[in-house]
Each structure stands twice: as structure tokens, then as C-alpha cells.
Amino acid sequence: MSELSLSNSHVIMPEAESLFFEVSKYFKPEELALLKGSYFFSQGAHSGQFRMTGEPYISHPVAVAHILCELHLDVITLAAALLHDVVEDTAISKEEIAERFGVSVAELVDGVSKLKKIEFQTKADAQAENFRKMLLAMAQDVRVILIKLADRLHNMRTLEVLRPDKQRRIARETLEIYAPIAHRLGLNSIYQELLELGFRYFYPNRYKVLVKATKAARGNRREIVGKILDAIKNRLKDAGIDAIVTGREKHLYSIYNKMVEKHLSFSEVLDIYGFRVLVKDIASCYLALGALHSLYKPIPGKFKDYIAIPKLNGYQSLHNTLLGPYGLPIEIQIRTYEMHRIAEMGVASHWLYKNNGAEVNELHLKTNQWLKSLLETLSDSSDSIEFLEHLKVDLFPGEVYVFTPQGKILELPRGSTAVDFAYAIHTDVGNCCVAAKINGENIPLRTELMNGDRVEIITAPYANPNPAWLSYVATARARSSIRYFLRTIQYEESVKLGERLLNQALSSFGVNPDSITDIQWERLVKDSGAKSKKALLADITLGKQLSAVIAKRLVVPGESISEVTSASHPVVILGTEGMTVQFARCCYPLPGDTIVGLIKKDQGLVIHVHDCPVVMRIQKKSENVLDVTWGKEIARTFEVSINMIAVNQRGVLARIAAEIARADSNIDDVTMESDKDYTTMQFILQARNRQHLAQIMRGLRHIQEVVKLGRAKN
266 MSELSLSNSH
276 VIMPEAESLF
286 FEVSKYFKPE
296 ELALLKGSYF
306 FSQGAHSGQF
316 RMTGEPYISH
326 PVAVAHILCE
336 LHLDVITLAA
346 ALLHDVVEDT
356 AISKEEIAER
366 FGVSVAELVD
376 GVSKLKKIEF
386 QTKADAQAEN
396 FRKMLLAMAQ
406 DVRVILIKLA
416 DRLHNMRTLE
426 VLRPDKQRRI
436 ARETLEIYAP
446 IAHRLGLNSI
456 YQELLELGFR
466 YFYPNRYKVL
476 VKATKAARGN
486 RREIVGKILD
496 AIKNRLKDAG
506 IDAIVTGREK
516 HLYSIYNKMV
526 EKHLSFSEVL
536 DIYGFRVLVK
546 DIASCYLALG
556 ALHSLYKPIP
566 GKFKDYIAIP
576 KLNGYQSLHN
586 TLLGPYGLPI
596 EIQIRTYEMH
606 RIAEMGVASH
616 WLYKNNGAEV
626 NELHLKTNQW
636 LKSLLETLSD
646 SSDSIEFLEH
656 LKVDLFPGEV
666 YVFTPQGKIL
676 ELPRGSTAVD
686 FAYAIHTDVG
696 NCCVAAKING
706 ENIPLRTELM
716 NGDRVEIITA
726 PYANPNPAWL
736 SYVATARARS
746 SIRYFLRTIQ
756 YEESVKLGER
766 LLNQALSSFG
776 VNPDSITDIQ
786 WERLVKDSGA
796 KSKKALLADI
806 TLGKQLSAVI
816 AKRLVVPGES
826 ISEVTSASHP
836 VVILGTEGMT
846 VQFARCCYPL
856 PGDTIVGLIK
866 KDQGLVIHVH
876 DCPVVMRIQK
886 KSENVLDVTW
896 GKEIARTFEV
906 SINMIAVNQR
916 GVLARIAAEI
926 ARADSNIDDV
936 TMESDKDYTT
946 MQFILQARNR
956 QHLAQIMRGL
966 RHIQEVVKLG
976 RAKN
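Under this note's numbering, the residues of the sequence shown are numbered 266 to 979, in order.
Dropping the structure here:
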């Protein structure tokens, strides 16, 4: 648009004057000119628009820029903040922004503009897809999310004008997504305010009760807190440590969480005050810790050294809980002035380093690594809902710190296992891991890791992820990588089996599978709406398409299919088909059994013994039942179930287990029920075929205490 009305462009609102004054302290004259230009442009674009508070709309982008100014962000970010709603809410294009203010500003505005409102519960897919867009934009330039967080913070500050149902919806997404992202980026001041405002509007009654309770308690505890503050200052002064000491009341949301997690009433939450000690260097941090230990006794197990082992968001501090006067727990944080600045500003502090000409700091590198891992998770996730699940897992970690054999420290969520550790090293290490050692000892892969563990992963070149891992991994990276691998492998297996099933159906109609042309396939794929020929074949295996129907549709229109079909060609089962062929656990089929196949939707082909009760019940649904037969050479073992009644005597189970091992079998599971005289047992064994099972059972019948023995069928 060329004729933009800028009738109010020379009227600068007081909030904007304040913004220009603050940035003039660290902006160059040409940068200040760019910022003022973006303000006037935004003011003209939003002319005639008002917020629900009744204020001119321009007050919102100015407030967002003010929040970012407090973080001392660069002029590109602040200019984009002033313009962040222009593309979305007016007729101005991204190209016009780029022409007037540069490509960098336009890209940030475009990134924020793509982030649409998210509907929780009722529109889960749209919600998840919008977060995918947000993370993609954020990965390109982290300043996109900084603008979005400032935008959300100002909206939360003015949330009282909305209906209660809208307040709760916005508060919920703030608590679940935006506050954790702020925390993950180390933006502590924004994080804490988002939590408080989210709590206020999502739990309005609980918030009011806690506000009233803390006000009542404040007077009673003020004198005690004052004495503790003076005692800390005096002890540090006596130790020759120059420090700034402050006492603060804990945030309401923190108090509320402690009450919920530990099932406490408000009166039982004693440590609602914390104290912070700021010193000049790292050595003074540890000296101050020692001085305070001589003043108040430390509570065992409550000390955390985030200086030696920083959090992933770059946070560093010493945390300790001491036992103060009257048995009152005192939480102490000790850090340097530089650590405090990073604790409050997080990743935003990078732009100060940049302005000073310094190299990109370690904190920014860690943030980039996190964004990269999120992009990997995004690419591995099959849909937006799954990605959002992974994102929430990643945003709510308690920490556990473990070591690689080389001494590198890894921070993982509490509850992480050796498998999570393997995937944290590299996706290929996770995919190929077969065992693990913790502190030099062999341990199961599902073992949860503890602080200080030294973990070594053992891999094998041809190993693959186990689907059972999904039941105990704790990290988003491990979960998404396992799912991606299994989904990919299963898809290829499904395509191969689907082709075999379709060829069987074509042959039964008297059609040679090799006679089907590419043109026939292209027509079928187009008519069915499938993505590809492979997708259609995979759907046959997964029961989403019937092979007979696909076979009929493949034939060229007008070509007859004989109603008298040729003899059906059964599908040959080799036992090497992978996850697309399952062996029913109701009847445990073995090579040598007469078998049938059932196509079950989303499960693939399930093999049953022909007289299994499950098959008998659905035999009439012939389109779901396939003719299958065993291959001639099958080189693997299968599970089989046997029932046994034996005399209840000492050592009987040991003799039974020894006989099973002697027959070259293995016990996978055993359940027992005993009375005074007899024990009823059900074994799940490994057998190669019916002949091998017969050999196992002959040996078991030679045991004198075995009264009754037979193959189990449910």
C-alpha cells in the first residue's frame, strides 16, 4: 500500500516517549531513528483500532517493546515488536515491511504473525499445528519467541477485561506452554510473572485465598525475617565478604504447588521466604556458603551446586536450605552478579554480548542445541498431536545429572533410563544399544538413573529399538526416535506383506499380478485418494483396505473377472515378517499347526490355530480371514503355552526347569497356584515347532511328580 494514513504519526504517546528515553541509553542514533520510524509506521497502520481495554491499539506493541527493552534487546527485535501485529491485523504486507525496515525486521514480524490463537481441548489438532509453526519460526531466530513471550506477558497483564472462560483458556495455555518455554530459555523474570498471572486467572478462587493468607502471615513473620536478614548480613561482613543480601516472599504459584505436591495446608508451608546473596566472584560464593553454614545448620540432602553443574538454560547458583531460628527452614541462593544477570535475562543476554563484540556465549550454544533437538523431534513425529506431547515432556523436566565414560555431564529429566541416556548421546547409539553399565556394573536398560551415575552404553551393529522401550523412556528425544524407527520399519514390512496379500487376491481371481500396468496403478491411487502405491499396499496389511477389493479395482474397466476363481494361493508364513505379522497369544500357533490369518485393523495379519475359539467366532466374516500356511524352512523359535499339575514337593520346580533346558528350550514366563498337595503351573516356553514341543513334553512326563500335562489353549 502506498498511501498509508499517518495522521497521528507526529503524536508520540507518553509510553513511547519513555521507551525512546530508555533505549537511547544503549542505542546508537541511527538505531533510535529506525525504532522511531517503526513506531510511527505502526501507529499509522493501527489508526482507528482499539483494544478491549479501550486504549488505542498502538499501546499494546509499545508495551511489548518496553518488556523487551528491559532485557536490553537489539533494535531489530524492538522494531519488530512495534510492528508485530501489522501484517496480521492490517493490509500491510511482509514485503512492504522489508522495503521500509529491512529483511531482518520483516522476517521476525512474519514469524510472529504466523502464530495464531490456540484452542485447547476443542481444537487439539489446530493447537498442536500452531505450536509446530511456532517452534519452526523460533528455530530460525530465537527472537521470534522472545517477542511472542513479551506479547503474551502484556496480554496476561490486561486479561481482566475478557470473559472468565476466555481468561481460563488463555491462562491454561500460558501455564502449559509459554511459561515453561520462558523458563527453558532462562527468562526468569518473565517466567515467574507468567506463572503468577496464569495462576491468578486459571484458579481465581485459590489465588484469592492464598493472597489473603499470605497477607495475614506477613505481619506475623516480618520480625523473624528481619532478624534472619540482619544475621546473614552481619555474618558475611564478619567473614570479610562483600555481598548484597535480599529477602523475598516466595511466589504464590510456588507456594500453591508445594501445598499440592506435599499435601500441606498453608500453615504447614513454613519456608515461604527465601534469601538471595550476590557476591563478586565464584570463590566468594563458596566462602559465603561456608560462613552461612557456621550461622545456621544445613538440612541434609538440600544442597544443589548449579555453579559446578549449570542447568541447561545456563542458570548458575548455589542452592541450600538451612535450619533457622524457631525451626524455620530458610532457602538461600548464592550467586555472582553476572550469574544473577543471566538468571534474570537468560538467552536474551546473548544480544548484550553481541553488542559488546564478544563471541557467542555457551548459553546461546545450549539454546541452539535445544532448538536443534526440538527440530529433530518435530521431523520424527508423525503428527502435530504427537509433537505437542513430546514438547510438553521436554518442557517439564526435573533434573538428574549423569556422566559419560569420558566425564562429560549430561542433564536428563528425572526418571530417565539408560535408554534415554543412549539417545541423548546420539540417535544411532540409542537405536543400536543392547546393554548398559552404571558405575561399572551391568544393569537392565530400563533402570532409572540417579545423580552422579557414570553410564556406559554397549551397542551392537545390527540391533534395533525395542517397542517395549516406549513404556519406560522419559525423554521426548528417545520417545520420538523410537517411534520414528518403528514406524519406518513397520511401514516397509507392511508394504511387502501387502503386496503378497494383493498378489494372492489377484491370483484367486485368475489375474496374473505381473500383468497389472503402471497406468492401472496410477488410476487406482488417484481414485482412492491414497498418497502412493506403497501407501495402498501398507493399508492392506493394516486392515484399512481389503485385498480383494483392491484387486477388483485394479482390473481395467470392461475386463471380466471370472466368478469361478482359481484355487486360492495361501500366504506363506516364514516367521521373519517382522511386526506386520503377529502370532496370537490366545492359541500360540507353532509350525506344524494348521493355521489361518485374521486381518485386524491397524494391527496387520494375526496368525491363529485353525480351531482357535477366536477364529471360530468370526469365521463368517470371510473377508477378514486369509488362507495361510507355514514355509518349509523356519529358523526361529515361537512362544507356546503348556499347563501342568505337579505334586507339591520341594525341588520339583527346579527339576522341571532343568528338563526344559535339557530339551533346548527356554522359560519366558511361569505362573503357579498351590494348595497342600498339588501345584498348578502355566509355562510360556520357546519351541521351534510341534515336534520340538512334543520332545519337551516327553521329557517332562518322565518326571515322577508331574501328574498332568497338556498344551494350553484359551
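C-beta atoms are modelled at their ideal positions from N, C-alpha and C, and glycine is treated no differently.
- Excluding its 5 nearest sequence neighbours in each direction, ARG927 has C-beta neighbours in its own chain below 7 Å: GLY964, listed in chain order.
- For GLY302, the three-state secondary structure derived from DSSP is helix.
- Within 10 angstroms of the beta-carbon of PRO565 lie fewer than 16 other beta-carbons, which makes it exposed.
- For LEU588, the enclosing beta strand (DSSP E) stretches over residues 583-588.
- Under the 8 Å Cβ criterion, the stretch 500-517 counts as touching the stretch 541-555, having at least three qualifying pairs.
- Judged by their CB atoms, LEU714 and VAL684 are not nearer to each other than the 7 Å cut-off.
- SER307 sits close to LEU348, with the two beta carbons spaced by under 7 Å.
- The three-state secondary structure of GLN769, taken from DSSP, is helix.
- In the displayed model, THR342 falls within a helix according to three-state DSSP.
- Sixteen is the threshold: when 16 or more other Cβ atoms of the shown chains lie within 10 Å of the Cβ of SER549, as they do, the residue is buried.
- Note: TRP734 is not bridge-paired with any residue in the DSSP secondary-structure output.
- As a beta-bridge residue in DSSP terms, ALA952 pairs with PHE903.
- When DSSP states are grouped into helix, strand and coil, THR724 belongs to the strand group.
- Closest option to HIS691, judged by alpha-carbon separation, among GLY717, GLY705, ILE722: ILE722.
- DSSP places GLY463 in no beta strand (DSSP E) but in the uninterrupted alpha helix (DSSP H) bounded by 453-467.
- Looking at ARG433, THR439, ASP430, the one whose alpha-carbon comes closest to that of ASP416 is THR439.
- Straight across, the Cα-Cα distance linking SER454 with LYS359 is about 32 Å.
- The Cβ atoms of ILE968 and ARG920 sit closer than 7 Å to each other.
- For SER939, the enclosing beta strand (DSSP E) has its first and last residue at 932-939.
- Per DSSP, the unbroken alpha helix (DSSP H) holding ILE520 starts and ends at 517-527.
- Fully enclosed alpha helix (DSSP H) runs of no fewer than 4 residues occupy 547-558 of the stretch 543-607, in order along the chain.
- Taking C-beta separations shorter than 6 Å and ignoring five residues to either side along the sequence, the partners of TYR466 in its chain run LEU424, GLN432, ALA436, following chain order.
- Here LEU583 is near LEU554, since their CB atoms are less than 7 Å apart.
- The Cβ atoms of VAL665 and LEU675 lie no closer than 7 Å to each other.
- Annotation for ASN420: the continuous alpha helix (DSSP H) segment containing it runs 408-422.
- Within the same chain, and ignoring the five residues on either side of PRO670 in sequence, the residues whose Cβ sits closer than 6 Å to its Cβ are GLU721.
- Around the CB of PHE948, 16 or more other CB atoms lie within 10 Å, so the residue is classed as buried.
- For LYS798, the CB contacts under 7 Å within the same chain, skipping 5 residues up- and downstream, are TRP786, VAL790 in chain order.
- According to the DSSP assignment, GLU676 belongs to the beta strand (DSSP E) that extends over 674-678.
- Excluding residues up to 5 positions away in sequence, VAL738 lie with their Cβ nearer than 6 Å to the Cβ of ARG744 in the same chain.
- Short of 7 Å from the beta carbon of ALA952, and not among the five residues preceding or following it, lie these beta carbons of its own chain, in chain order: LEU855, THR902, PHE903, VAL905, SER930, LEU958, ILE961.
- GLU372: not part of any beta strand (DSSP E); member of the alpha helix (DSSP H) spanning 368-378, first to last residue.
- DSSP, read as helix, strand or coil, puts ALA330 in helix.
- Burial check for VAL368: the Cβ neighbour count within 10 Å stays below 16, so the residue is exposed.
- For ALA725, the number of other beta carbons within 10 angstroms of its own is below 16, and it is reported as exposed.
- A straight line joining the alpha-carbon of PHE286 with that of ALA363 spans about 26 Å.
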